[in-house]
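Colleague: Just passing along the structure, written as structure tokens.
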Ligand code: SF4
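Residue numbers (the numbering used here), protein chains in the order written: chain G, 1 to 241; chain V, 242 to 659.
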């Protein structure tokens with residue numbers, strides 16, 4: 001059995017697909033701490049844009065939507081996500097076209113589930129992300145998502161905040177999307193020191209006031225609240241802190 | 242600037258309007274503007290009552306000239322009164338929106354001074370928000386009954402959605418409980434808007450059209466004696482004749498003491514059943530006459546789809562691999578998405594019971610109504626089916642209760658999938 005170790009980028013994954021395609025007994029993974037047994041071989045994949053491009057072209061020719069499926073899969077925090085994506089590609093190639101509709105096929109089921117989880121978290125955080133205004137009028141949003149969705153969110157907010165600069169900071173992965181009002185740049189970002197605008201507290205307090213007054217206290221349903229808004233997101237919500 | 246006390250007064254009483262949806266519009270941003278609308282709607286927070294916050298729901302004023310029996314802000318009530326200026330609202334919206342607290346504004350008001358003056362001020366506010374503050378996020382505006390058509394149609398050009406609340410399911414109850422509102426004052430503007438929407442659609446008006454997210458309305462359930470059958474007939478007419486996007490049901494909560502009102506609330510189960518029936522009318526191809534008789538109420542024990550299936554056992558079981566979509570949709574335990582999944586999966590291979598289990602079909606319920614490759618897995622005897630479904634239904638209802646209160650979530654999570 002061969003392990004193709006990848007670095008988490010899409011290009012590296014597609015390179016691995018190119019290298020591993022003919023190998024019947026292998027998996028592709030970005031997990032560095034895999035337990036190796038006897039007869040296991042590890043292959044550190046080095047990104048080769050040429051190979052990656054060829055795999056992409058092949059897949060695009062068979063199914064125009066597949067690249068987006070795979071891109072979402074690779075953002076997931078699921079272990080073995082690369083392998084699910086690999087199986088999915090093999091299925092598309094052996095079928096000679098899109099397989100999304102094969103809703104009874106185990107690989108398609110797994111793909112759909114992971115994709116839905118990533119997409120679902122991105123959708124949730126379009127609502128739960130909270131910006132604070134700093135002294136220079138830049139909006140800053142720290143958060144800690146399960147999946148690597150910062151670039152998806154950045155595109156969403158750039159359309160909304162057209163022309164107004166913001167930073168979305170994934171503090172767990174130490175990456176940030178910076179938007180200067182024109183374009184989005186992804187960058188490494190450790191700890192950030194923020195000087196808040198003098199109005200920040202005032203609006204946070206009004207928001208907390210609003211949150212408390214719209215609740216209908218005679219109809220408590222905390223379980224449902226937690227179901228829709230999981231506790232792990234609360235530490236970034238002014239109304240829940 | 243707006244202070245916390247006025248904010249509390251003006252949002253406390255706006256909260257009973259259940260509609261919080263921000264869906265149905267895809268208004269785009271413009272260069273330098275703030276905001277856009279997301280077709281599917283977005284929830285920004287959830288309160289401890291389990292409801293979603295999507296919009297800033299606020300009244301322009303709670304100083305009402307009208308005297309609706311059930312309303313805490315009615316003229317004869319002894320409550321603190323407050324109001325805000327258009328600029329105060331605009332600033333609050335912009336600052337909440339920038340911080341991503343909200344998807345937009347739900348602006349409503351008590352009728353202060355006159356209906357026209359009130360409607361004018363509401364309209365001024367939304368125009369200001371769009372033109373001066375450059376806001377392109379979602380706006381839902383409540384219409385004021387008895388205001389001039391011209392004012393209403395002007396406002397409709399700047400907002401995503403409008404609603405006139407029907408309040409009570411019959412004219413008689415309206416007279417008794419909301420004496421200053423007449424049926425005409427609510428229905429006529431709804432008709433006007435509906436005609437304008439049809440005009441825009443037929444003439445493919447894109448820019449400058451009215452309310453892209455359509456109109457909704459709300460009824461209070463259980464403050465007056467109408468049956469579910471009557472309520473749902475009204476609902477069906479509102480959807481089919483007036484093209485409403487949503488009808489909301491708000492089960493009556495006694496906040497005001499009055500000899501004309503019941504002392505106990507209607508309870509969430511009734512509201513829940515109405516939403517389920519509403520869903521059947523909108524998405525599952527049911528006519529109201531199949532669901533419930535005119536003077537009857539929905540069964541508390543089964544959801545309305547189960548109840549219908551049990552009355553029509555002669556149509557079942559249906560074969561999963563050949564049944565048409567309309568029939569799959571009528572099987573208890575198969576939701577709209579489940580039915581689509583079955584349709585697409587069976588093109589590739591004949592489905593058996595195990596396949597269905599993996600496709601998130603609720604088999605505990607569906608098994609009594611289907612065969613897979615000719616095989617039947619349910620109970621043969623009608624009574625055993627009833628007992629099984631009832632047990633299952635009770636458990637599920639408990640879990641789902643009040644899930645519907647927010648439509649953005651409701652669209653995906655809710656009771657609809659029955
Ligand atoms: S019109 Fe009726 S329901 Fe509306 S605020 Fe006035 S009293 Fe209340």
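Note that CB positions come from ideal geometry on N, CA and C, so glycine has one too.
In the region 134-208 of chain G, which residue ranges form an unbroken beta strand (DSSP E) of at least 3 residues, counting only runs that do not cross its ends?
Modeller: You should have 139-143, 166-170, 175-179 and 184-188.
Colleague: Check for me: the beta strand (DSSP E) holding residue 347 of chain V runs from which residue to which?
Modeller: What you label residue 347 of chain V is simply residue 106 of the second chain in a count that begins at 1. Run containing residue 347 of chain V: 345-349, per the beta strand (DSSP E) assignment.
Colleague: Classify residue 105 of chain G: buried if its beta carbon has 16 or more other beta carbons within 10 angstroms, exposed otherwise.
Modeller: For the purposes of this step, residue 105 of chain G is identified with residue 105 of the first chain, where counting begins at 1. Buried, since its Cβ has 16 or more Cβ neighbours within 10 Å.
Colleague: Quick one: what's got a C-beta closer than 8 angstroms to residue 318 of chain V's C-beta in the same chain, skipping five residues either side?
Modeller: In the second chain, counting from the first residue as 1, residue 318 of chain V sits at position 77. The residues are 312 and 497.
Colleague: What residues in its chain sit with their C-beta under 7 angstroms from that of residue 335 of chain V, if we drop five residues either side in the sequence?
Modeller: Working through the second chain from its first residue, we reach residue 335 of chain V at position 94. Once the five neighbours on either side are set aside, the close Cβ partners of residue 335 of chain V are 275, 374 and 376.
Colleague: Rounded to whole angstroms, what is the Cα-Cα separation between residue 265 of chain V and residue 178 of chain G?
Modeller: Against the second chain, residue 265 of chain V aligns to sequence position 24. Against the first chain, residue 178 of chain G aligns to sequence position 178. Going by the C-alpha atoms only, they are around 30 angstroms apart.
Colleague: Under the DSSP definition of a beta bridge, which residues are partnered with residue 43 of chain G?
Modeller: Residue mapping note: residue 43 of chain G aligns to position 43 of the first chain, counting from 1. Answer is G/4.
Colleague: Which of the residues in the region 212-239 of chain G, read from start to end, lie with their CB under 9 angstroms from any CB of chain V?
Modeller: Those residues of the region 212-239 of chain G that come within reach of chain V (Cβ to Cβ, closer than 9 angstroms) are 212, 213, 214, 215, 216, 217, 218, 219, 220, 221, 222, 223, 224, 225, 226, 227, 228, 229, 237, 238 and 239.
Colleague: Closer than 9 angstroms, Cβ to any Cβ of chain G: which residues of the region 278-311 of chain V, in chain order?
Modeller: Per Cβ criterion, the list reads 279, 281, 283, 284, 285, 286, 287, 288, 289, 290, 291, 292, 293, 294, 295, 297, 298 and 299.
Colleague: Quick one: does the C-beta of residue 389 of chain V sit closer than 7 angstroms to a heavy atom of ligand 1?
Modeller: Your numbering for residue 389 of chain V matches position 148 in the second chain. It does not: the Cβ of residue 389 of chain V is nowhere closer than 7 angstroms to a heavy atom of ligand 1.
Colleague: Just to confirm, are residue 337 of chain V and residue 302 of chain V a CB contact at a threshold of 8 angstroms?
Modeller: As a working mapping, residue 337 of chain V is identified with position 96 in the second chain. As a working mapping, residue 302 of chain V is identified with position 61 in the second chain. Contact flag unset, no.
Colleague: Which whole-angstrom value describes the C-beta separation of residue 278 of chain V and residue 379 of chain V, a residue pair presumed to lie in contact below a C-beta threshold of 8 angstroms?
Modeller: Counted from its first residue, the second chain places residue 278 of chain V at position 37. Counted from its first residue, the second chain places residue 379 of chain V at position 138. Confirmed, Cβ separation roughly 5 angstroms.
Colleague: Which of the three DSSP states, helix, strand or coil, is assigned to residue 476 of chain V?
Modeller: As a first step, residue 476 of chain V is located in the second chain; it is residue number 235 there, counting from the start. Residue state, collapsed to three classes: helix.
Colleague: With a cut-off of 8 angstroms, do at least 3 Cβ pairs link the region 494-511 of chain V to the region 434-452 of chain V?
Modeller: Cβ pair count under 8 angstroms is below three, so no.
Colleague: Taking residue 48 of chain G and residue 2 of chain G to be in contact with their CB atoms under 8 angstroms, please state how far apart those CB atoms are, rounded to whole angstroms.
Modeller: Within the first chain, numbered from 1, the residue matching residue 48 of chain G stands at position 48. Within the first chain, numbered from 1, the residue matching residue 2 of chain G stands at position 2. With 8 angstroms as the limit, residue 48 of chain G and residue 2 of chain G do not qualify as a contact, their Cβ atoms being about 17 angstroms apart.
Colleague: Given 7 angstroms as the limit, tell me if residue 415 of chain V has its C-beta closer than that to any heavy atom belonging to ligand 3.
Modeller: Absence of ligand 3 from the depicted structure is noted, with ligand 1 being the only ligands included.
Colleague: Run through DSSP, which three-state label would residue 659 of chain V get?
Modeller: Against the second chain, residue 659 of chain V aligns to sequence position 418. For residue 659 of chain V, the pLDDT reaches just 37, beneath the cut-off of 50, and the residue's location in the model is therefore unreliable, although a value from the coordinates is still provided. The answer is coil: DSSP assigns residue 659 of chain V none of H, G, I, E or B.
Colleague: Who pairs with residue 242 of chain G in a beta bridge, going by DSSP?
Modeller: Residue 242 of chain G falls outside the range modelled here, since chain G spans only 1 to 241, and no answer is possible.
Colleague: In the region 489-504 of chain V, which residues sit with their C-beta less than 8 angstroms from some C-beta in chain A, listed in chain order?
Modeller: Of the protein chains in this structure, namely G and V, none is chain A.
Colleague: Between which two residues does the alpha helix (DSSP H) carrying residue 491 of chain V extend?
Modeller: The residue labelled residue 491 of chain V in the question sits at position 250 within the second chain. Taken as a continuous stretch (DSSP letters only), residue 491 of chain V belongs to no alpha helix (DSSP H), being part of the beta strand (DSSP E) at 487-492.
Colleague: Flag residue 323 of chain V as yes when its Cβ comes closer than 7 angstroms to any non-hydrogen atom of ligand 1, and as no otherwise.
Modeller: Walking along the second chain from the start, residue 323 of chain V turns up at place 82. False, no ligand heavy atom lies under 7 angstroms from that Cβ.
Colleague: What's the C-alpha gap between residue 558 of chain V and residue 610 of chain V?
Modeller: Sequence index remark: in the second chain, residue 558 of chain V carries index 317 (1-based). Sequence index remark: in the second chain, residue 610 of chain V carries index 369 (1-based). The alpha-carbon atoms of residue 558 of chain V and residue 610 of chain V are separated by roughly 4 angstroms.
Colleague: Under the DSSP definition of a beta bridge, which residues are partnered with residue 379 of chain V?
Modeller: If you number the second chain from 1, residue 379 of chain V lands on position 138. Looking at the DSSP assignment, residue 379 of chain V forms a beta bridge with V/345.
Colleague: Over the uninterrupted beta strand (DSSP E) stretch that includes residue 404 of chain V, give me the two end residues.
Modeller: Locating residue 404 of chain V in the second chain gives position 163, counting from the first residue. Unbroken beta strand (DSSP E) run through residue 404 of chain V: 402-404.
Colleague: Within 10 angstroms of its Cβ, does residue 221 of chain G collect 16 or more other Cβ (buried), or is it exposed?
Modeller: For the purposes of this step, residue 221 of chain G is identified with residue 221 of the first chain, where counting begins at 1. Classification for residue 221 of chain G: buried.
Colleague: Nearest-angstrom Cα distance between residue 292 of chain V and residue 263 of chain V?
Modeller: Residue 292 of chain V sits at position 51 when you count from the first residue of the second chain. Residue 263 of chain V sits at position 22 when you count from the first residue of the second chain. Cα-Cα distance, rounded: 14 angstroms.
Colleague: Cβ atoms of residue 6 of chain G and residue 27 of chain G: under 8 angstroms apart, would you say?
Modeller: Counted from its first residue, the first chain places residue 27 of chain G at position 27. Counted from its first residue, the first chain places residue 6 of chain G at position 6. Cβ distance not < 8 angstroms, so residue 27 of chain G and residue 6 of chain G don't count as in contact.
Colleague: Can you look up residue 482 of chain V in the DSSP assignment and give me helix, strand or coil?
Modeller: The count along the second chain starts at 1 and reaches residue 482 of chain V at position 241. Reduced to three states, the DSSP call for residue 482 of chain V is coil.
Colleague: How about residue 333 of chain V and residue 479 of chain V: do their beta carbons lie closer than 8 angstroms?
Modeller: The residue you call residue 333 of chain V lines up with position 92 of the second chain. The residue you call residue 479 of chain V lines up with position 238 of the second chain. In this structure, residue 479 of chain V does not lie closer than 8 angstroms to residue 333 of chain V by Cβ.
Colleague: Report yes or no: do the region 616-624 of chain V and the region 571-586 of chain V share at least 3 C-beta pairs separated by less than 8 angstroms?
Modeller: Too few Cβ pairs lie closer than 8 angstroms, so no.
Colleague: For a cutoff of 8 angstroms on Cβ pairs, would you count residue 616 of chain V as touching chain G?
Modeller: Your numbering for residue 616 of chain V matches position 375 in the second chain. With 8 angstroms as the cut-off, residue 616 of chain V does not count as an interface residue toward chain G.
Colleague: Should residue 494 of chain V and residue 409 of chain V be called a contact, given that it needs their Cβ atoms to be closer than 8 angstroms?
Modeller: Translated into positions along the second chain, residue 494 of chain V becomes position 253. Translated into positions along the second chain, residue 409 of chain V becomes position 168. In this structure, residue 409 of chain V does not lie closer than 8 angstroms to residue 494 of chain V by Cβ.
Colleague: Would you say residue 352 of chain V touches ligand 1, meaning its beta carbon is less than 7 angstroms from a heavy atom?
Modeller: For the purposes of this step, residue 352 of chain V is identified with residue 111 of the second chain, where counting begins at 1. The answer is yes for residue 352 of chain V.
Colleague: Specify, as a first and last residue, the run of the alpha helix (DSSP H) that residue 563 of chain V falls within.
Modeller: Position 322 of the second chain, counted from the first residue, corresponds to residue 563 of chain V. No alpha helix (DSSP H) contains residue 563 of chain V, which DSSP labels as neither H nor E.
Colleague: Short of 8 angstroms Cβ to Cβ, which residues in the region 395-421 of chain V face chain G?
Modeller: So nothing in the stretch comes that close.
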